[in-house]
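Protein chains: 2
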Amino acid sequence: MRYYLLLLFTLIAPIARPQKGDSVMVRMIYDEVLANGQCYDRLRELCKGIGHRLAGSAQAERAIDWGRDAMIKSGFDTVYLQPVEVPRWIRGQSESAAYTTAGRRIDLPVAALGGSVGTSGELSARVIEARSLEELAQLGESRIRGKIVFLNKAMDPLLINTGAAYGGAYDIRSRGASEAARFGAVGCIIRSLTLAEDRYPHTGAMQYSEDVQRIPAAALSSVDARELSIALQADSSLVFHLNLHCEEFPRTIQYNVIGELRGSLFPDEYITVGGHLDSWDIGEGAHDDGCGIVQSMEVLRALRALGYRPRHTLRCVFFINEEFGNDGGETYAREAREKGEIHIAAIESDGGGFTPRGFSMQGTDYQYEWLRRLDSLLDPYHIHQFRRGWSGVDIAPLKDDRVALFGLLVDNQRYFDYHHSNNDVFEQVNRRELELGSAAMAALVYLIDRSGIPAQP
Amino acid sequence: MRYYLLLLFTLIAPIARPQKGDSVMVRMIYDEVLANGQCYDRLRELCKGIGHRLAGSAQAERAIDWGRDAMIKSGFDTVYLQPVEVPRWIRGQSESAAYTTAGRRIDLPVAALGGSVGTSGELSARVIEARSLEELAQLGESRIRGKIVFLNKAMDPLLINTGAAYGGAYDIRSRGASEAARFGAVGCIIRSLTLAEDRYPHTGAMQYSEDVQRIPAAALSSVDARELSIALQADSSLVFHLNLHCEEFPRTIQYNVIGELRGSLFPDEYITVGGHLDSWDIGEGAHDDGCGIVQSMEVLRALRALGYRPRHTLRCVFFINEEFGNDGGETYAREAREKGEIHIAAIESDGGGFTPRGFSMQGTDYQYEWLRRLDSLLDPYHIHQFRRGWSGVDIAPLKDDRVALFGLLVDNQRYFDYHHSNNDVFEQVNRRELELGSAAMAALVYLIDRSGIPAQP
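If you read the protein sequences in the order shown, they are chains A and B. Going by our numbering, the first residue of the first sequence is number -1, and it counts up by one from there. Going by our numbering, the first residue of the second sequence is number -1, and it counts up by one from there.
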């Protein structure tokens, strides 16, 4: 029965709306992933065998080797590495505490922000708190100079989409240090970007402006940010001691890992599915973005296990260095353009391995209408969100007039509890939630492959 | 602004479809719950202060007192207890292990099923495995008599709705012991009803048939069920030792806890929102159903905090003994009928404190159409499922021609990882997911109160 159906699918001409047989194939995809899925075991290998893997690190090299081997074992036609120049930054040790004027020590562990300079020995200074960059500017240089700025801005809990809440607080991490330095600050500490009340500091990328001094920057956990704020209210003269051993080294070469299933009709047209292999250098990079990696590999594995012969070439890409400059995504798109590769679609999973809710997309009106027509086909799998919007950092450089870019939308209420922290570990991933995301992506890849998803009628 | 809007809402006549102002009020409800919500703190009190609370137990008595106090503190108009006769069963200690014919001991911890008889000393017998009740019947008496039956039926991972997978395997727990006894078995052990691979045994209610002997019954964790199955393949003569100290005592009186906000226009018409206060006697009954309890209380608290004056009387009910006979739900509905109380709607949350996805409902076509029209109003809150179907055990006895019964639908992929086990603890509940469920329920209660949700046009 199974192969008879597959033969039928391969013979019927593609058109732009779902066919009756599609619902059978989608069910087969879900069954394959839920019954025989390998993504959870692959994630365990990656998280427990290698752990975190910042681009430029030795662990990232090991992860690249692991990724290539895993794709070969999965039986992809072609597996290769694409060289990418990446930065190399090392966190080193960090120590931090506050001392009240009465001499009481308050332990306030921090995580240096990615890209921060070190302190060159211990930095000790008074602290000035601001709730936003706007409030910081109002304080002015006279009150800031010589102090450590404490940016205590919380993510907005009223936003249903936690990604939007993250976007709203992101500026204190990305620009906080440089904005503080503009007013003469000697260091910057921020409240972690999380909605949880806990003791995990969350790191993440920061950028320095060219026109101001580079001052060290680090994140406090949400609970410790509250503690520090309370302590400052009682004693505005308390002194914060910060010792960060961060170092930056020359850029180095690492690799995107690429695997393919060659297309039977249009081998030179590509549907790319991927996530980023690198993670921050704490935790295990499980949700961010180990899940996206193993889900993408599972998409090709499941379709192959079902005996499906794709019309277009399906590519699985493990991008390197999403977190710290998007070098992998930029390199991949640039080389694709140079080689004249036609990408008809790309799908990214980089929102955590949670229950999938739908897909965001960047493309033409016609492509978006195609996506919306999948509504009833995917309703049995509780896929209900079809929205225009951001797809993913790694695939964004592929944007042109032809390609349709998709992001897997998941239930992201818990995502920032884990994101960029020691709490982002394998144990926080639920097997079924992970597999359902992979199955949804595989279903979408199959449907794109059948339709060709043209940009215009 | 806020009070001006509320005044408007109170003056406009009710009609059956959502009004423009409704979207403002729904947003205010979400804001109130997400910014000032108390349900998470209440859940901590219940789970960490009292813990599990099987109906008939001393802990359940403490939970009843806690519930009444919490409702009084929340400022409900009227708070009272409704006597309910409940069973009293005590698990006692349990020991279990298998010994191979070579004398090797295999530790196989079990949880007695709720209602099981004890073993009256140690029960030692050979084991016969069956994958279903059908397979058990095929084995027949000659191969079963004198043995312990091992019902090793897994929940179907291919079903997207884990509740359906639970329903499909439920028979081994509810009827397994009596079906085994029919063929002369001396005991029954089952694979726990869970989709997770772990070492938590999951308990739950069982029933004995009147016409067969009562034999003891217990559940193995999913991992231990696999271990036992492998051990049996190697050594079909291994002996299982089971010692359960379960005891049943005479029925006793406990209480539904009821709190109200009196209606301004229709005080004798009720909208009831609730969950069950009792839990199984292991873990902390966090997802099942501490979450439903605290969410229901939060519904009334939030509406009151917003200054909303309900037209109908809003009732929050903590039902006692859902798990083991539904005495609370039956008593509540019977007394409501005896008093001539008109229930226009009831809403139950008993699927865990996970991200809400929508509502199931039992009611007339007209009421269902009313529900479906909330689609666009609730889309910003990611509420997309509006389905006819089962609402909840506690409120089911209220069913009549007038009432609309609703169940909160949540993302239930993880639910059975926790359900009825030592893993159902406060730490497994995410604050935001819990609060979003409560806000969705409060929005629905508000919209029902505005419309009156008539059974017919």
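Note that beta-carbon positions come from the ideal geometry of N, C-alpha and C, so glycine has one too. Note that the structure is a prediction, hence the values are computed from the model and not measured.
Anticipated Cβ contact below 8 Å, residue i with residue j, distance rounded
i               : j               : result
G113 of chain A : F247 of chain A : Their Cβ separation, rounded to whole angstroms, is 12 Å, which puts G113 of chain A and F247 of chain A out of contact at 8 Å.
F384 of chain A : G405 of chain A : That pair is no contact at about 11 Å.
G326 of chain A : V82 of chain A  : 5 Å
D279 of chain B : L52 of chain B  : 4 Å
Exposed unless 16 or more other CB atoms sit within 10 angstroms - verdict on residue i
i               : result
D287 of chain A : buried
Q136 of chain A : exposed
N421 of chain B : buried
T99 of chain B  : exposed
K145 of chain B : buried
I251 of chain B : exposed
R141 of chain A : exposed
N34 of chain B  : exposed
R430 of chain A : buried
H76 of chain A  : Contrary to the premise, residue 76 of chain A reads as Thr rather than His in this sequence. Under this definition T76 of chain A is an exposed residue.
D415 of chain B : buried
I228 of chain B : exposed
Y78 of chain A  : exposed
Q231 of chain A : exposed
L263 of chain B : exposed
L44 of chain B  : buried
D399 of chain B : exposed
Amino acids of chain A, ordered along the chain, whose beta-carbon sits closer than 9 Å to that of residue i
i               : result
Y379 of chain B : I158
Beta-carbon proximity list for residue i, same chain, < 7 Å, skipping 5 on both sides
i               : result
H341 of chain A : Y268, T270, A334, L396, V401
K46 of chain A  : F424
S219 of chain B : S190, D196, R197, Y198, P199
D154 of chain A : A163, G166
L369 of chain B : F357, M359, F384
E30 of chain A  : A300, A303, L304
G138 of chain A : F181
Chain B residues whose Cβ lies nearer than 8 Å to that of residue i
i               : result
Q411 of chain A : T353, N428, R430, E431, L434
Three-way DSSP call (helix, strand, coil) for residue i in this model
i               : result
L111 of chain B : coil
A244 of chain A : Residue identity check: residue 244 of chain A is Cys in the sequence provided, not Ala. C244 of chain A: coil per DSSP, three-state reduction.
M23 of chain A  : helix
P308 of chain A : coil
I280 of chain B : coil
A162 of chain A : helix
I142 of chain A : helix
N319 of chain B : coil
G350 of chain A : coil
G90 of chain B  : coil
P85 of chain B  : strand
D233 of chain A : coil
P155 of chain B : coil
N254 of chain B : strand
M295 of chain A : helix
P378 of chain A : helix
R412 of chain A : coil
D399 of chain A : coil
M359 of chain A : strand
R385 of chain A : strand
R51 of chain A  : coil
L445 of chain B : helix
V221 of chain A : helix
D287 of chain B : helix
A334 of chain A : helix
Interface partners of residue i on chain B, CB under 7 Å
i              : result
A33 of chain A : P155, L156
D29 of chain A : L156
Contacts of residue i in chain A (Cβ-Cβ under 8 Å)
i               : result
H382 of chain B : H382, Q383
Chain-ordered neighbours of residue i on chain B, where CB pairs are closer than 9 Å
i               : result
L193 of chain A : R429, R430
Nonlocal neighbours in the same chain, by C-beta distance under 6 Å from residue i, ignoring five residues either side
i               : result
G119 of chain B : none
V292 of chain B : C37, R40, L41
Cβ of residue i within 8 Å of any chain C Cβ
i               : result
R224 of chain A : Absence of chain C from the displayed structure is noted, the protein chains being A and B.
Residue i CB to nearest heavy atom of the ligand PLP below 7 Å
i               : result
I158 of chain B : The model on display carries no ligand, and the ligand PLP is accordingly not part of it.
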